[in-house]
Each structure stands twice: as structure tokens, then as C-alpha cells.
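Going by the working numbering, the first residue of the first sequence is number 6, and it counts up by one from there.
Don't be surprised by glycine CBs; every beta carbon is placed ideally from N, CA and C.
Note that the structure is a prediction, hence the values are computed from the model and not measured.
Taking it in order: structure first as C-alpha cells, then the write-up.
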Amino acid sequence: MLQIHILRQNPDFVIERLKVKNFDASELITNILALDEKKRENQVKLDATLSEANKIAKTIGEIIKSGKQDQATQLKERSVTLKAEAKTMANDLELLNNEINSLLLQIPNIPGDQVPQGKTAEDNEIVFSFGKIPTLSPSALPHWDLIKKYDIIDFELGNKVTGAGFPFYRGKGAKLQRALINFFLDEGLKAGYTEVQPPLLVNEASAYGTGQLPDKDGQMYNVGLDKFYLIPTAEVPLTNIYRDTILKESDLPIKNIAYSNCFRREAGSWGADVRGLNRLHQFDKVEIVQIATPETSYQVLEEMREYVSTLLVKLELPFRIVKLCGGDISFTSAMTYDFEVYSAAQKRWLEVSSVSNFESFQANRMKLRFKNKNGKTELAHTLNGSALALPRIVAALLENNQNETGIKISDSLIPYTGFKMID
RNA sequence: GGAGAGGUGGCCGAGUGGAUGAAGGCGCACGCCUGGAAAGCGUGUGUACGCCGAAAGCGUACCAAGGGUUCGAAUCCCUUUCUCUCCGCCA
């Protein structure tokens with residue numbers, strides 16, 4: 006959520022910048038500013054009314070103390086009237102506030118300066134590429150066949166026990182998962198992150214804080230009886246740790262890393278290209294989150310980008326980094342890099358990480374602030390990224406490293422798997 | 001799940017209807033003192049919104065949350081919530 010004072014001070018700037026996201030904010034902003042003006046008028050009147058009532062109450066107290074009770078009657082009446090007026094005004098004010106808030110929530114985050122103009126994923130900018138695209142033998146299989154051949158991941162069993170998109174991992178498949186999780190966490194610790202094990206269910210306030218609510222509740226599984234949501238990403242609990250918090254500048258940057266299961270309903274997104282591990286309802290992910298000062302957040306974004314790159318290099322996967330254009334960037338993000346690995350048998354680029362700077366957009370919603378060197382409280386910047394999402398990494402590892410005898414494990418993973426081949 | 005006790009500022013803790021944004025202490029910041037430090041002394045120390053673009057100043061709101069009683073509520077009443085103790089259940 007944008008801070009309203011930015012709209013007050015420079016509405017044209019906001020409108021102009023949001024064009025990069027192909028969003029026309031002019032009408033929304035006009036409405037918001039009109040309501041805001043009305044709101045402030047009301048507030049001034051309300052405060053004056055309450056102020057008078059407070060003064061009267063004090064006067065009455067003094068009168069009573071001096072023993073002249075009867076003189077207070079008229080003042081009491083006046084006070085009752087004021088109180089009734091104040092109540093009406095307070096209600097109106099609340100309605101206005103709600104209205105302003107709901108309009109404010111409809112405005113996406115302002116894209117950062119570097120975000121390229123564009124409409125779709127076609128317009129994204131490839132900023133970095135690594136590795137050679139492997140040439141596989143004609144008999145090479147896509148991962149959904151490999152997992153059957155080596156009996157490491159079982160979709161049919163998942164279907165039976167739960168439903169589509171909830172596979173079982175078995176034998177070396179399960180061990181590979183565990184190896185990847187440990188590898189990712191250990192690398193994170195080396196890079197200075199603090200390991201966190203978050204709850205997998207969160208309440209409404211948390212889902213609202215990171216922006217899943219109010220719009221995207223259809224994308225989360227909810228546990229209706231207790232009003233909890235299954236997390237779609239560890240970003241939600243990890244960032245909400247600092248909801249309604251004022252940090253010290255010396256605490257920053259905060260660097261947390263967490264492994265979690267992630268649950269996504271993925272309503273309406275099933276199609277031909279989501280076979281096998283490409284899209285699941287439950288999957289594993291290691292997530293990194295940083296809380297930073299506004300001055301450093303873009304440096305931090307680059308640091309995180311660099312960090313995710315090193316993971317993929319160590320896994321020896323060919324990948325590219327894409328700077329998302331305005332049209333493809335998410336509602337809440339100011340700037341995002343996507344990481345895509347090449348999955349050789351599918352002959353497709355698969356998104357395995359998305360690293361974003363949200364600037365103060367999430368922080369404003371969840372009142373995540375810090376006290377700066379001058380003692381002033383200001384909103385912090387939040388950033389997060391996957392490091393990494395497992396299923397598509399597994400898909401690429403299986404497909405790219407297959408040969409006639411089996412699937413070769415990347416050197417950096419062998420200490421974690423304890424085996425060199427899946428065969 | 002049952003019974004009881006509680007929730008006050010960064011922390012501890014006082015406060016049972018009017019003087020309280022809130023005693024006292026700790027912590028923190030600044031100043032004095034010192035060769036330097038400690039101790040001591042002094043001053044200051046919450047958040048949000050608004051008056052207003054900034055500073056100063058002022059107003060309003062906030063003592064778990066929400067509602068109510070009252071001219072006036074941290075204090076009384078109701079609801080919710082969380083914590084602690086005992087009992088029950090339990091990986």
C-alpha cells in the first residue's frame with residue numbers, strides 16, 4: 006500500500022510512474038485526494054468537539070470539588086450534546102477512512118527507476134546468462150518419465166491419498182529433496198542469513214500484511230474453522246515477524262532464511278505446460294528475506310541476486326536472469342529479477358526464483374518501521390527471494406543430468422545425498 | 001477442555017472515577033564532573049492522525065482488543081483475546 010502523503014505531494018509523479026505498469030491511476034488518485042480532503046476537514050471538527058468536551062469535563066470536576074453541584078447541570082447537558090455530535094462525526098470519519106483505504110489498496114506499487122516498460126513476459130530483459138544448454142541424446146526423457154523409470158516421485162499415489170499436485174517423494178527422490186534443502190540452508194548460513202522455522206499456517210492479519218489478502222485469498226488454502234491460511238510461501242511468516250515493529254537502524258539489514266512447505270491452490274492456472282513437477286499444490290522452498298533501510302535496499306537486491314546466482318552455479322544448471330518489465334512485475338513489487346533454469350528434455354526455461362524489492366509497500370501495510378540515525382521513525386524496505394524452489398530445480402537436474410545408466414548428481418550435492426547416481 | 005490469577009511505556013513496576021501520557025526505578029541519549037573512565041549530579045526520553053510544506057507549538061486518540069456506563073474511565077460493566085498456575089488430555 007502506498008503512503009497517502011506521496012499521493013498528496015506528487016500525484017502526477019505517481020500516475021506517470023504507474024504507466025510503466027500499464028496502470029492508469031489518475032481516477033483512483035483523484036477520488037482518494039477528494040476523500041482525503043473531506044476526511045481532514047471532518048477530523049478538525051471532531052477534534053475541536055472533543056477538545057471542548059474535555060475542557061467541560063475538567064470544569065465540572067472543579068465545580069463539584071468546590072461543592073456547588075447545582076451549577077454543573079447546564080455544563081453536563083452541553084457535554085452530552087457534544088458527545089452525541091462527536092459520535093456521529095467519528096462514524097463518518099471511519100467510513101471515509103475505510104473508503105480511502107480500500108481505494109489505496111487498489112493502487113499497485115510504484116516501479117523502480119530501472120524497470121523497463123513493457124506489456125508481457127516477452128518484454129522482459131535478459132540481463133545475465135550462465136552455462137551451456139546441454140544436448141541430450143534422442144532417447145532422453147522428460148522428468149515425468151524419469152521419475153517413473155527410477156521410482157523416485159509418485160504422482161498417482163499422491164492422487165489417491167490427497168489429489169492432483171500432491172506427489173509422494175520416495176527413496177532417492179526423497180533423499181534428493183532433503184539434500185537440496187540442507188544444501189540451500191547451509192549456503193544461506195554461510196552468506197550470513199539466520200535460519201528460521203516458521204509456522205506453516207498464518208492468520209488473516211499476516212496474509213494481509215504481505216499482500217495475499219484482500220485480493221488473492223482464492224489462491225490460498227484456508228482452514229476455515231480457525232481462520233488460518235496455509236502459507237503459499239515462507240515470505241508470509243518471515244516478513245510478518247516484523248509487523249507492527251519499530252526496529253533500530255543498527256538492527257538492519259535483517260537477513261532471515263527459512264525452509265518451508267508451500268501450499269498454492271493455483272486456481273485457474275492448469276494447462277498443458279504444467280505437467281509433472283512444473284506446478285504443484287504443495288512444494289518445498291527455501292526463502293530468503295531481508296529488511297533494509299531505503300538507502301540500501303537496491304544494493305541488497307543486487308546482493309540477493311548475486312547470492313541466488315551462486316546457488317545455481319554450484320548446481321551446474323544453465324540459467325538466465327530476467328529483469329521483469331512493468332507489465333509482468335507483480336502488484337506489490339517495485340523491482341523483480343526472475344531466475345530461469347533450462348530444463349533440457351522439455352526444452353523450456355523454468356522459473357525457479359523471483360527476487361524482489363518491495364520498497365516500503367509491504368512495510369506500510371504492516372507498519373514495519375525503524376528509527377533512523379536522527380531518531381525519526383520511517384518505513385523500512387522489505388525484500389525477498391526464493392533460494393530456491395525445489396520442484397523445478399529437481400526437474401532440471403533430472404533432465405539435464407540423465408544418461409543411459411542413470412542420473413548424475415551434481416558434485417556440490419553429493420555430500421548431502423550420499424550417492425552419486427540415481428539408477 | 002475445567003478452575004483460578006493476570007495483561008499498564010524499550011524493560012520492571014505504582015496506580016480502584018477528576019491533578020495521569022501515565023509516580024518510582026532500570027535502560028537509553030545529551031550535558032556537567034574527570035587526565036580518562038566508573039560513580040555522582042542535571043536534562044531529556046512512546047506511537048498515530050490532524051492544524052501545516054518543514055521546524056517549533058498546539059489539538060485529538062491510544063494503559064491487550066472491541067463495546068458500554070459516566071459531565072469525566074488505566075480505574076466500573078460486558079464481550080473477545082493472550083499469558084501464567086493447578087487439573088485433564090497429548091507428539
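About 27 angstroms separates the CB atoms of LEU235 and LEU194; that is not less than 8 angstroms, and the two are not in contact. Boundaries for ALA272: no alpha helix (DSSP H) harbours it, and the DSSP string shows neither H nor E there. The straight-line gap separating the alpha-carbon atoms of ASP220 and ASN106 is approximately 14 angstroms.
For LYS43, the closest alpha carbon among the candidates MET94, LYS165, GLU32 is that of MET94. The DSSP-derived three-state label of SER417 is helix.
The beta carbon of LEU51 is closer than 8 angstroms to those of ALA91, MET94, ALA95, LEU98 in its chain, skipping five residues each way along the sequence. Counted as a single uninterrupted DSSP element, the stretch harbouring GLU104 is not any beta strand (DSSP E) but the alpha helix (DSSP H) occupying residues 78-109. Contact between LEU316 and ALA392 holds, with the beta-carbon distance rounding to 6 angstroms and staying under 8 angstroms. For SER359, the uninterrupted beta strand (DSSP E) run begins and ends at 353-362, by DSSP. A direct Cα-Cα distance of roughly 34 angstroms separates THR244 from ILE414. By the C-beta criterion, the segment 14-23 is judged to be in contact with the segment 32-40, since at least 3 inter-stretch pairs fall below 8 angstroms. In the DSSP assignment, the residues bridged to GLN407 are ILE412. Under the Cβ criterion (8 angstroms, minimum of three pairs), the segment 287-306 does not count as touching the segment 67-74.
The criterion of a C-beta distance shorter than 9 angstroms is not satisfied by ALA394 and LYS319. Residue state for ARG325 is assigned as strand, using DSSP reduced to three classes.
Where LEU40 is concerned, the enclosing alpha helix (DSSP H) starts and stops at 31-70. Under the three-state reduction of DSSP, VAL120 is assigned to coil, being neither helix nor strand. Taking the CA atoms as reference points, SER211 sits about 49 angstroms from GLU409.
If only complete runs of 3 or more residues are kept, the segment 173-250 shows the beta strand (DSSP E) at 199-201, 233-235, in order along the chain.
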